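Visitor: Protein chains in written order, with my numbering: chain A, 30 to 140; chain B, 88 to 202. For each residue, glycine too, the CB sits at the ideal point set by N, CA and C. Since the structure is predicted, the reported quantities are computational estimates derived from the model, not experimental observations. So that we are looking at the same thing, I have put the structure below in structure tokens.
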């Protein structure tokens, strides 16, 4: 059974700083997803990582996947307040609709 | 292109009652899956429907059931509600649930409160 762990659970960072969120998973995951959730809102897809060594970037966010280490990272560069949200990683085995989510990392960017 | 639509947005029910939640997927999407989100358990998979058939099921009791119609719209039903069923219920759709490059698209959710 796939288990997904994220750390840290909570991250308070200043604007302009860099930081990384870590996502470890227990068994083989066919794909790795990153989602963002604003308070009271739904989940917004950020990245889909398909293979070992995959790296994707969008604005100040960059996600990578190391399938050998069973680790994905979400790197935040020069954080801005608009990035404040909860970030989830999710793995999947089998069909792409049965995602196993991590606990989420609540990111708070302060001025 | 319209996104995933869930109705209602909020529901308040009492213990023992039953509830039906509705989800309309993105046009053309045939796979609909349901997730429960609570502060304690996080996001948990309930079930997935594809072409009117349940294709996957999570570890929830039989009180949780669902169905999918020929137009891909889906409903989820919870019978004999318990306080612990209070949660945000999220519906997600995808083209066929197997597409490697296609993430799930989530609706805004239905917030269910059981008193």
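Leaving out five residues on either side along the sequence, give the residues of the same chain with a beta carbon under 8 Å from the beta carbon of residue 38 of chain A.
Guide: For this step, residue 38 of chain A is matched to residue 9 along the first chain. Contacts found: 132, 133, 134, 135.
Visitor: Residues in the same chain with beta-carbon distance under 8 Å from residue 128 of chain A, minus the five sequence neighbours each way, listed in chain order, please.
Guide: The residue labelled residue 128 of chain A in the question sits at position 99 within the first chain. Cβ within range, chain order: 62, 119, 120, 121.
Visitor: Taking C-beta pairs closer than 9 Å, name the residues in chain B that residue 70 of chain A reaches, listed in chain order.
Guide: Sequence index remark: in the first chain, residue 70 of chain A carries index 41 (1-based). Residues of chain B passing the Cβ test: 195, 196.
Visitor: Just checking: is the beta-carbon of residue 158 of chain B within a distance shorter than 8 Å of some beta-carbon in chain A?
Guide: If you number the second chain from 1, residue 158 of chain B lands on position 71. Residue 158 of chain B does not count as touching chain A.
Visitor: Using a C-beta to C-beta distance shorter than 7 Å, which residues of chain B count as neighbours of residue 120 of chain A?
Guide: For this step, residue 120 of chain A is matched to residue 91 along the first chain. Under the 7 Å cutoff, chain B gives no residues; its nearest Cβ is about 12 Å from residue 120 of chain A.
Visitor: Note down, in chain order, all residues in the stretch 96 to 126 of chain B with a beta-carbon under 7 Å from any beta-carbon belonging to chain A.
Guide: If the cut-off is 7 Å between Cβ atoms, the stretch 96 to 126 of chain B has 118, 120 near chain A.
Visitor: Can you list the residues of chain A that residue 190 of chain B reaches, using a CB-CB cut of under 7 Å?
Guide: Residue 190 of chain B sits at position 103 when you count from the first residue of the second chain. Correct list: 62, 74, 77.
Visitor: Using three-state DSSP, classify residue 111 of chain A as helix, strand or coil.
Guide: Numbered from 1 along the first chain, position 82 holds the residue referred to as residue 111 of chain A. Helix.
Visitor: Alpha carbon to alpha carbon, how far is residue 83 of chain A from residue 168 of chain B?
Guide: On the first chain, position 54 is the one that residue 83 of chain A refers to. On the second chain, position 81 is the one that residue 168 of chain B refers to. So the two alpha carbons sit approximately 43 Å from each other.
Visitor: In three-state DSSP terms, what is residue 95 of chain A?
Guide: Along the first chain, one-based indexing puts residue 95 of chain A at 66. Three-state result, residue 95 of chain A: strand.
Visitor: Which residues of the stretch 99 to 119 of chain A have a Cβ closer than 9 Å to any Cβ of chain B? Give them in chain order.
Guide: Here the close residues are 117, 119.
Visitor: Counting along the chain, where does the beta strand (DSSP E) carrying residue 105 of chain B start and finish?
Guide: Position 18 of the second chain, counted from the first residue, corresponds to residue 105 of chain B. Note, residue 105 of chain B: premise wrong, no beta strand (DSSP E); not H, not E.
Visitor: Hey, is the stretch 102 to 114 of chain B in contact with the stretch 124 to 135 of chain B, meaning 3+ C-beta pairs nearer than 8 Å?
Guide: The stretch 102 to 114 of chain B, when compared against the stretch 124 to 135 of chain B, does not touch it at the 8 Å Cβ threshold.
Visitor: Could you check where the beta strand (DSSP E) with residue 50 of chain A kicks off and where it finishes?
Guide: Your numbering for residue 50 of chain A matches position 21 in the first chain. Looking at the DSSP string, the run of the beta strand (DSSP E) that includes residue 50 of chain A is 48 to 54.
Visitor: State the CB to CB distance for the pair residue 116 of chain B and residue 159 of chain B, rounded to an integer number of angstroms; the pair is presumed to be in contact (CB under 8 Å).
Guide: For the purposes of this step, residue 116 of chain B is identified with residue 29 of the second chain, where counting begins at 1. For the purposes of this step, residue 159 of chain B is identified with residue 72 of the second chain, where counting begins at 1. Indeed, because the Cβ distance is near 6 Å, the residues count as touching under 8 Å.
Visitor: In the DSSP assignment, find the beta strand (DSSP E) that holds residue 139 of chain B and state where it starts and stops.
Guide: In the second chain, residue 139 of chain B corresponds to position 52, counting from 1. From DSSP, residue 139 of chain B is part of no beta strand (DSSP E); its letter is neither H nor E.
Visitor: Exposed or buried, what is residue 108 of chain B when buried is set at 16 or more other beta-carbons lying within 10 Å of its beta-carbon?
Guide: For the purposes of this step, residue 108 of chain B is taken as residue 21 along the second chain, with counting starting at 1. It is buried - the Cβ of residue 108 of chain B has at least 16 other Cβ atoms within 10 Å.
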